[in-house]
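**Student:** From first to last, the protein sequence lines stand for chains A and B.
This note's numbering numbers the first residue of the first sequence as 1 and each following residue consecutively.
This note's numbering numbers the first residue of the second sequence as 374 and each following residue consecutively.
All residues carry an ideal CB built from backbone N, CA and C; glycine is no exception.
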Amino acid sequence: MKNKNTILIGILAISIFIIIAGCSQSGHTTKVAQESPIKIGVIAPLTGEAASYGLAAKQGMDFAVTEINKQEGILGRQIKLIYEDSQADPKQAVSIMNKFINVNKFNIVIVADGSGSTTAVAPIAEATKTLIMGTLASTPQLSEMGDYIFRTVPSDSYQGIELAKFAENKAFKTAAILYVNDPYGIGIKDAFSSEFSGAVIVAEAFENSDSDFRTQLTKIKYKNPDVILLVARKELPNILKQIRTLGIESALLGSETTKDQELVDIAGEAAEGLYSIFFAEPVDYQRYREKFSSEYGKEPAAYSDYSYDAVHVLKKAITKAGSLDPTKIKDSLYTTKMYGATGIVEFDRRGDAINKPFTMYEVVDGNFVAAAP
Amino acid sequence: MLESYLIHVLILIGIYCILAVSLNFAIGYGGLLNLGHIAFFGIGAYSSTLLTIGGIPFLFALILSCIIASLCGWFLSLMTNKLKDDYLALATFGFGLVVYSLMQNLTRLTKGPLGISGIPKAEILGLTINNSCYLILTIAMLIIAYLVMTGLVNSKFGRLMGGIRDNELLMKTLSRNTQRIKGKILSLSAFFAGMAGSLYAHYIGFIDPSTFGIKEIMLLLTIVLLGGLASLKGTIITTFLLVSIPEILRFVPIPDNILGPAQTAIYALVLLLILRYRPRGILGKIDLN
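Rendered as structure tokens:
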């Protein structure tokens with residue numbers, strides 16, 4: 001008897017859930033009829049391993065929405081972002097995309113998620129003519145995935161090429177690459193290796209969130225390259241410290257993710273002399289940073305900027321198209337150009353961010369200062 | 374259009390049912406605490422993907438990937454034939470990790486962490502099948518898997534399995550080749566996991582090693598333990614619950630600054646409540662060990 005009761009209670013609880021859910025949905029639709037904000041779906045990892053990136057992106061987007069809503073909104077309407085947590089899992093991202101398209105009927109979805117999730121949802125977006133704007137996924141694979149797929153973050157191949165050019169200008173002849181074994185790391189490694197005119201003598205991978213890099217670094221030390229390219233995120237401080245412990249003298253060059261004051265602070269003296277690439281015009285970025293800090297009382301985190309730009313460029317394209325039809329917005333995005341937190345925001349025919357200005361920084365006395373090219 | 378979303382969720386539930394039922398078959402009936410089960414799922418997904426990209430029709434690829442996974446299951450049972458209980462759990466867990474790092478590092482074959490995108494959609498006789506047909510296919514496969522496994526469990530073989538689970542030494546003294554039986558259990562369990570993997574790959578259209586990592590083993594074990602060991606029905610009910618609860622939660626209005634953590638917390642709470650009131654799982658008959 002007791003068992004039956006608990007099952008009954010369970011079923012009851014779940015049905016209450018569904019009813020609440022149903023009610024809240026219908027409640028929303030009646031509201032929409034009155035003031036109708038423009039709704040945009042957002043897929044982001046809000047929990048799990050990649051949560052720090054997702055939350056940073058969310059902050060950037062929320063900031064952009066506040067700015068837009070304070071002014072005239074889009075087409076005279078307010079805008080509202082509807083978030084769903086993907087946990088950076090492609091399977092969840094596909095579920096969310098299905099919900100956004102079939103239940104919420106969104107035409108525009110911002111995918112502030114990694115390359116895996118974004119590549120998984122891209123075919124669905126293309127098939128249903130839903131516009132997606134990626135803000136984190138930088139894998140070169142995404143370029144060829146369709147007309148409705150855009151991204152504000154430049155493809156890794158672009159970054160790898162610029163890093164290689166910088167290394168050539170510095171007259172480095174031999175290079176080693178220490179990269180994170182994920183789409184981001186592999187993308188930059190491949191682009192750098194094919195562009196660099198000197199020789200890439202060794203390329204070593206490490207897994208996301210590793211903390212011991214001495215095996216890889218010992219190999220690199222033995223080859224004694226002129227420069228080591230580091231493609232790392234939160235692992236950076238440990239890498240830098242271990243480089244110094246092993247007494248490696250090579251110059252250090254970092255991917256965009258290494259331009260993070262917090263990481264450099266943790267690394268302390270070990271970070272001195274690190275060159276980092278960063279995709280932003282210093283002037284634009286400065287202006288954005290000041291606004292952001294006065295709003296939130298802290299510095300914008302890495303990954304906030306592209307997401308911030310994504311919302312603004314969508315606003316601009318929609319206003320220009322004068323319509324919420326994704327096909328019209330898509331066409332207008334090809335010709336939209338604006339100056340955002342990350343400098344010029346414009347797209348090529350494949351929906352990739354192009355003409356991104358970038359600056360090379362060097363760590364001097366624990367701070368990033370612009371470096372000579 | 375709500376239907377297409379429901380169909381999507383049901384397909385996922387179907388795939389995970391096949392996967393979880395096959396794990397419960399090994400753990401609950403065979404007493405083999407296989408923590409590397411997700412590896413068979415991955416092997417099925419990758420082999421089916423690579424075969425279809427190589428030009429083999431979907432149905433053949435589906436069957437072949439089941440067979441490949443099954444052979445790997447046989448291989449695993451050969452490797453672990455001297456181990457039982459905790460040691461077997463550790464060894465199979467290791468097997469899962471090895472397969473994971475192979476997927477991660479055999480970049481020529483699997484493209485490593487980049488994953489494989491653009492996996493061909495399922496086609497039968499030259500016709501691409503849409504989601505509703507795919508749901509029917511998935512359910513058909515689930516029914517086949519379920520019938521085969523319940524059939525075996527209720528047969529003479531099933532009693533042998535139960536005997537090994539409860540007292541292997543006794544079975545040996547009755548001159549049963551327990552190793553052979555265990556090999557059969559693992560390869561059959563892997564066969565259906567491979568089937569689930571193939572269905573998954575052609576449905577989602579993108580696979581990378583992260584889908585077959587440690588996090589997923591936890592989800593599977595949770596499903597099996599909550600459903601109750603040696604209860605295939607219980608496993609199906611729990612899969613239904615655990616896969617659909619996160620989807621239901623997407624409709625609960627939660628302010629977006631606590632959205633992710635709140636959904637995870639509610640999910641965990643439901644799990645705890647079930648265990649509090651049903652420590653043997655929803656329809657469980659036996660305790661773990």
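So is residue 141 of chain A buried or exposed if we call it buried at 16+ other beta carbons inside 10 Å?
**Tutor:** Taking the first residue of the first sequence as 1, we reach residue 141 of chain A at position 141. Looking at its Cβ environment, which holds 16 or more other Cβ atoms inside 10 Å, residue 141 of chain A is buried.
**Student:** Can you say whether residue 215 of chain A is buried or exposed, counting buried as having 16 or more other CB atoms within 10 angstroms of its CB?
**Tutor:** Residue numbering aside, residue 215 of chain A sits at position 215 when the first sequence is read from its first letter. Looking at its Cβ environment, which holds fewer than 16 other Cβ atoms inside 10 Å, residue 215 of chain A is exposed.
**Student:** Can residue 197 of chain A and residue 168 of chain A be called in contact, C-beta distance under 8 Å?
**Tutor:** For the purposes of this step, residue 197 of chain A is identified with residue 197 of the first sequence, where counting begins at 1. For the purposes of this step, residue 168 of chain A is identified with residue 168 of the first sequence, where counting begins at 1. Yes, these two residues count as a Cβ contact at 8 Å.
**Student:** Establish whether the CB of residue 591 of chain B and some CB of chain A are separated by less than 8 Å.
**Tutor:** For this step, residue 591 of chain B is matched to residue 218 along the second sequence. Output row for residue 591 of chain B: interface = no.
**Student:** With a cut-off of 8 Å, does the C-beta of residue 496 of chain B fall near any C-beta of chain A?
**Tutor:** Mapped onto the second sequence, residue 496 of chain B falls at position 123. Taking Cβ atoms only, chain A never reaches closer than 8 Å to residue 496 of chain B, which makes this a no.
**Student:** If you reduce the DSSP assignment to three classes, tell me which class residue 80 of chain A lands in.
**Tutor:** Within the first sequence, the letter at position 80 stands for residue 80 of chain A. Residue 80 of chain A falls in the strand class under three-state DSSP.
**Student:** Can you check whether the C-beta of residue 652 of chain B is within less than 8 Å of a C-beta belonging to chain A?
**Tutor:** Counted from its first residue, the second sequence places residue 652 of chain B at position 279. With 8 Å as the cut-off, residue 652 of chain B does not count as an interface residue toward chain A.
**Student:** Would a check of beta-carbon distances place residue 600 of chain B closer than 8 Å to chain A?
**Tutor:** The residue you call residue 600 of chain B lines up with position 227 of the second sequence. Judged by the 8 Å Cβ criterion, residue 600 of chain B is not in contact with chain A.
**Student:** Using only the alpha-carbon positions, how far apart do residue 619 of chain B and residue 160 of chain A sit?
**Tutor:** Counted from its first residue, the second sequence places residue 619 of chain B at position 246. Counted from its first residue, the first sequence places residue 160 of chain A at position 160. Taking the straight line joining both Cα atoms gives about 39 Å.
**Student:** For the beta strand (DSSP E) containing residue 229 of chain A, list its first residue and its last residue.
**Tutor:** Within the first sequence, numbered from 1, the residue matching residue 229 of chain A stands at position 229. Counting along the chain, the beta strand (DSSP E) containing residue 229 of chain A begins and ends at 227-231.
**Student:** Out of B:612, B:630 and B:644, point me to the one whose CA is closest to residue 393 of chain B's CA.
**Tutor:** As a working mapping, residue 393 of chain B is identified with position 20 in the second sequence. When each option's Cα is compared against that of residue 393 of chain B, the closest is B:612.
**Student:** Once DSSP output is grouped into helix, strand and coil, what is the label at residue 496 of chain B?
**Tutor:** Here residue 496 of chain B is taken as the residue at index 123 of the second sequence, counted from 1. It is a strand residue.
**Student:** Any beta carbon from chain A within less than 8 Å of residue 378 of chain B's own beta carbon?
**Tutor:** Here residue 378 of chain B refers to the residue found at position 5 of the second sequence. Residue 378 of chain B counts as touching chain A.
**Student:** Among the residues of its own chain, which have a CB less than 7 Å from the CB of residue 292 of chain A, if the five just before and after it don't count?
**Tutor:** As a position in the first sequence, residue 292 of chain A is number 292, starting the count at 1. Counting only Cβ-Cβ distances below 7 Å, and skipping sequence neighbours, we find 63 and 300.
**Student:** May I ask you to list, following chain order, the residues of the region 296-318 of chain A that have a beta carbon less than 7 Å from some beta carbon of chain B?
**Tutor:** Answer in chain order: no residues at all.
**Student:** With 8 Å set as the bound, which would you pick, yes or no: does the beta-carbon of residue 581 of chain B sit closer than that to a beta-carbon of chain A?
**Tutor:** In the second sequence, residue 581 of chain B corresponds to position 208, counting from 1. With 8 Å as the cut-off, residue 581 of chain B counts as an interface residue toward chain A.
**Student:** Which residues in the same chain as residue 476 of chain B place their Cβ atom closer than 7 Å to its Cβ, once the five residues preceding and following it in sequence are excluded?
**Tutor:** Translated into positions along the second sequence, residue 476 of chain B becomes position 103. For residue 476 of chain B, where only same-chain residues beyond five positions count, the Cβ hits under 7 Å are 415, 419, 483, 582 and 585.
**Student:** DSSP beta-bridge partners for residue 278 of chain A?
**Tutor:** One-based indexing of the first sequence puts residue 278 of chain A at position 278. DSSP, once it has assigned bridges, lists A:359 as partnering residue 278 of chain A.
**Student:** Cα-Cα, which of B:648, B:410 and B:490 is closest to residue 601 of chain B?
**Tutor:** Residue 601 of chain B sits at position 228 when you count from the first residue of the second sequence. The candidate whose alpha carbon is nearest that of residue 601 of chain B is B:648.
**Student:** Thinking C-alpha only, which one of B:383, B:531 and B:536 is nearest residue 515 of chain B?
**Tutor:** As a first step, residue 515 of chain B must be located in the second sequence, where it is residue number 142. The option with the nearest alpha carbon to residue 515 of chain B is B:383.
**Student:** How long is the line joining the alpha carbons of residue 223 of chain A and residue 271 of chain A, rounded to whole angstroms?
**Tutor:** Taking the first sequence and counting its residues from 1, one reaches residue 223 of chain A at position 223. Taking the first sequence and counting its residues from 1, one reaches residue 271 of chain A at position 271. Cα-Cα distance, rounded: 22 Å.
**Student:** Beta-carbon of residue 199 of chain A versus every beta-carbon of chain B: anything under 8 Å?
**Tutor:** Along the first sequence, one-based indexing puts residue 199 of chain A at 199. Taking Cβ atoms only, chain B never reaches closer than 8 Å to residue 199 of chain A, which makes this a no.
**Student:** Use the C-beta contact count for residue 458 of chain B: other C-beta atoms within 10 angstroms, 16 or more gives buried, fewer gives exposed.
**Tutor:** The count along the second sequence starts at 1 and reaches residue 458 of chain B at position 85. Burial call: exposed.
**Student:** Check whether the Cβ of residue 623 of chain B lies closer than 8 Å to any Cβ atom in chain A.
**Tutor:** As a position in the second sequence, residue 623 of chain B is number 250, starting the count at 1. Output row for residue 623 of chain B: interface = yes.
**Student:** Taking only beta-carbon positions, decide if residue 490 of chain B is within less than 8 Å of chain A.
**Tutor:** The residue you call residue 490 of chain B lines up with position 117 of the second sequence. Closer than 8 Å to some Cβ of chain A, the Cβ of residue 490 of chain B qualifies, so yes.
**Student:** How should residue 497 of chain B be labelled, buried or exposed, when 16 other C-beta atoms within 10 angstroms of its C-beta is the threshold for buried?
**Tutor:** By one-based count along the second sequence, residue 497 of chain B stands at place 124. The residue is exposed, with fewer than 16 neighbouring Cβ atoms inside 10 Å.
**Student:** Taking residue 221 of chain A as the reference, which of A:206, A:257 and A:243 has the closest Cα?
**Tutor:** Residue 221 of chain A sits at position 221 when you count from the first residue of the first sequence. Here the closest residue by C-alpha is A:243.
**Student:** Using beta-carbon positions only, say whether residue 590 of chain B and residue 449 of chain B come within less than 8 Å of one another.
**Tutor:** As a first step, residue 590 of chain B must be located in the second sequence, where it is residue number 217. As a first step, residue 449 of chain B must be located in the second sequence, where it is residue number 76. No.
**Student:** Under 8 Å between beta-carbons, which chain B residues line up against residue 78 of chain A? List them in chain order, please.
**Tutor:** The residue given as residue 78 of chain A occupies position 78 in the first sequence. Correct list: empty, because the minimum Cβ distance to chain B is about 15 Å.
**Student:** Using beta carbons (cut-off 8 Å, strictly below), is residue 83 of chain A in contact with chain B?
**Tutor:** What you label residue 83 of chain A is simply residue 83 of the first sequence in a count that begins at 1. So, interface residue.
**Student:** With H, G and I counted as helix, E and B as strand and the rest as coil, what does DSSP make of residue 98 of chain A?
**Tutor:** Position 98 of the first sequence, counting from 1, holds the residue named residue 98 of chain A. Looking at residue 98 of chain A - three-state DSSP - the assignment turns out to be helix.
**Student:** Which chain B residues sit within Cβ distance under 7 Å of residue 182 of chain A?
**Tutor:** Numbered from 1 along the first sequence, position 182 holds the residue referred to as residue 182 of chain A. Within 7 Å Cβ-Cβ: 486.
**Student:** With a threshold of 7 Å (Cβ to nearest heavy atom), would residue 232 of chain A be considered close to the ligand MN?
**Tutor:** Ligands in the displayed structure: none, and consequently the ligand MN is not present.
**Student:** Classify residue 195 of chain A as helix, strand or coil using the three-state DSSP reduction.
**Tutor:** Counting from 1 along the first sequence, the entry for residue 195 of chain A is found at position 195. The answer is helix: DSSP assigns residue 195 of chain A an H, G or I state.
**Student:** What do you get for residue 565 of chain B, buried or exposed, if any count of 16 or more other CB atoms within 10 angstroms of its CB means buried?
**Tutor:** Within the second sequence, the letter at position 192 stands for residue 565 of chain B. Residue 565 of chain B is buried by the Cβ-count criterion.
**Student:** Quick one: is residue 577 of chain B near chain A, going by C-beta distance under 8 Å?
**Tutor:** By one-based count along the second sequence, residue 577 of chain B stands at place 204. Yes, because at least one Cβ of chain A sits closer than 8 Å to the Cβ of residue 577 of chain B.
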